[in-house]
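Read left to right, the sequence shown gives residues 1 to 235 (the UniProt record's numbering).
Don't be surprised by glycine CBs; every beta carbon is placed ideally from N, CA and C.
Everything numeric in this text was worked out from a predicted model, so none of it was measured.
Just below is one structure, and these are the notes that go with it.
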Amino acid sequence: MVDGTVAGPVTSTVAEHPATEPVPITSRTTLRDRLSGRQTLQVVSFQIPGAVFGRSHPVPGRSVAASVRAPGIRVEQYRSALRRHPAGVTIVTLESGSGPVGFTATSFTSLSLDPPLVSFNVTDTSSSIDAVRSAESLVIHLLGEHQQHLARRFARSAAERFSDESMWTRLETGEPVLHGTPVRLRVVVDRLIPLGDSTLVVGCVVHAHEDPADESRIPLLYYEGAYHRLVAAEE
Numbered sequence: 001m002v003d004g005t006v007a008g009p010v011t012s013t014v015a016e017h018p019a020t021e022p023v024p025i026t027s028r029t030t031l032r033d034r035l036s037g038r039q040t041l042q043v044v045s046f047q048i049p050g051a052v053f054g055r056s057h058p059v060p061g062r063s064v065a066a067s068v069r070a071p072g073i074r075v076e077q078y079r080s081a082l083r084r085h086p087a088g089v090t091i092v093t094l095e096s097g098s099g100p101v102g103f104t105a106t107s108f109t110s111l112s113l114d115p116p117l118v119s120f121n122v123t124d125t126s127s128s129i130d131a132v133r134s135a136e137s138l139v140i141h142l143l144g145e146h147q148q149h150l151a152r153r154f155a156r157s158a159a160e161r162f163s164d165e166s167m168w169t170r171l172e173t174g175e176p177v178l179h180g181t182p183v184r185l186r187v188v189v190d191r192l193i194p195l196g197d198s199t200l201v202v203g204c205v206v207h208a209h210e211d212p213a214d215e216s217r218i219p220l221l222y223y224e225g226a227y228h229r230l231v232a233a234e235e
């Protein structure tokens with residue numbers, strides 16, 4: 001459903017694969033190293049014919065991606081199975097330098113409490129991927145059930161997403177934000193990890209805004225190709 005790089009790029013290689021020499025891929029430094037001025041590599045990324053993946057800490061003795069070791073299920077089977085899994089709906093917004101960028105994402109999840117890390121993924125064919133790869137910070141909006149129109153809008157043509165200037169503004173830090181969202185998180189991009197046909201974005205939450213007027217808002221869910229409202233199960 002879903003439709004940042006510091007100066008001085010760094011690269012890395014890993015232990016040689018028995019049959020193939022790894023090809024380094026440009027990576028990025030972590031948030032902690034950027035803030036301290038260091039350029040220490042944290043993500044190991046490399047390429048083997050048929051697979052591209054990255055790891056913060058490689059698994060000992062495992063130098064080949066699972067997609068190479070064993071064939072996966074067909075795309076149709078994969079999509080059919082995951083359509084049965086409900087997901088919260090978010091909109092990610094950022095400033096590209098040439099204007100606001102945003103897209104609907106259902107891959108958002110929390111990763112760590114300390115530090116407060118979250119993640120989402122973007123397909124490499126997305127119109128937003130270049131902006132995401134160069135972003136230092138972004139905002140993740142956790143949508144309420146009353147915001148289906150925004151979820152649909154930000155899943156359509158990029159030219160339409162910010163055309164109505166009455167529905168958004170900017171933070172003092174420059175990122176575009178949408179009005180009326182129950183919760184939004186300002187995130188500093190920590191690392192990007194290439195995985196399959198997508199890029200996993202990991203970020204550190206530096207500010208959380210909860211609209212007190214929307215405390216009773218019901219979250220928006222995406223399930224079986226349609227939007228749904230959350231209803232409490234009877235005990």
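Cut-off 6 Å between Cβ atoms - residues of its own chain near residue i, not counting five sequence neighbours on either side
| i | result |
| --- | --- |
| Val206 | Arg186 and Val188 |
| Gly37 | Because Gly37 sits at a pLDDT of 46, beneath the cut-off of 50, its placement in the model cannot be relied upon, and the point is left open. |
| Leu142 | Thr90 and Val183 |
| Ala158 | Ser127 |
| Arg170 | Pro176 |
C-beta contact flag for residue i and residue j at 8 Å
| i | j | result |
| --- | --- | --- |
| Val202 | Leu117 | yes |
| Arg161 | Gly102 | yes |
| Leu220 | Gln147 | yes |
| Glu95 | Gly174 | yes |
| Phe120 | Ser128 | no |
| Thr177 | Val122 | Residue identity differs from the one stated: residue 177 is Val in this sequence, not Thr. Cβ atoms of Val177 and Val122: not closer than 8 Å. |
| Asp211 | Asp124 | no |
Contact belief for residue i with residue j at Cβ below 8 Å, rounded distance in angstroms
| i | j | result |
| --- | --- | --- |
| Ala151 | Tyr227 | 6 Å |
| Ala155 | Thr104 | 4 Å |
| Gly225 | Arg83 | 6 Å |
Cβ neighbours of residue i in the same chain (closer than 7 Å, five flanking residues each side left out)
| i | result |
| --- | --- |
| Ile218 | Gly144, Glu145, Arg229 and Leu230 |
| Ala131 | Leu94, Ser96 and Val101 |
| Trp168 | Phe162, Pro176, Val177, Leu178 and His179 |
| Arg153 | Glu160 and Arg161 |
| Cys204 | Leu31, Pro115, Pro116, Leu117, Val187, Val188 and Asp190 |
Cut-off 8 Å between Cβ atoms - residues of its own chain near residue i, not counting five sequence neighbours on either side
| i | result |
| --- | --- |
| His78 | The sequence as given places Tyr at residue 78; His does not occur at that position. Within the same chain, Tyr78 has close Cβ partners Gly72. |
| Gly99 | Phe162 |
Which runs of the alpha helix (DSSP H), 4 residues or longer, sit entirely within the UniProt domain "Flavin reductase like" (82–229)?
129–134, 148–153 and 158–161
State whether the segment 107–116 contacts the segment 70–78, with contact taken as three or more CB pairs (one from each stretch) at a distance under 8 Å.
no
Could you say if the segment 172–182 and the segment 83–97 meet the contact criterion of at least three C-beta pairs nearer than 8 Å?
yes
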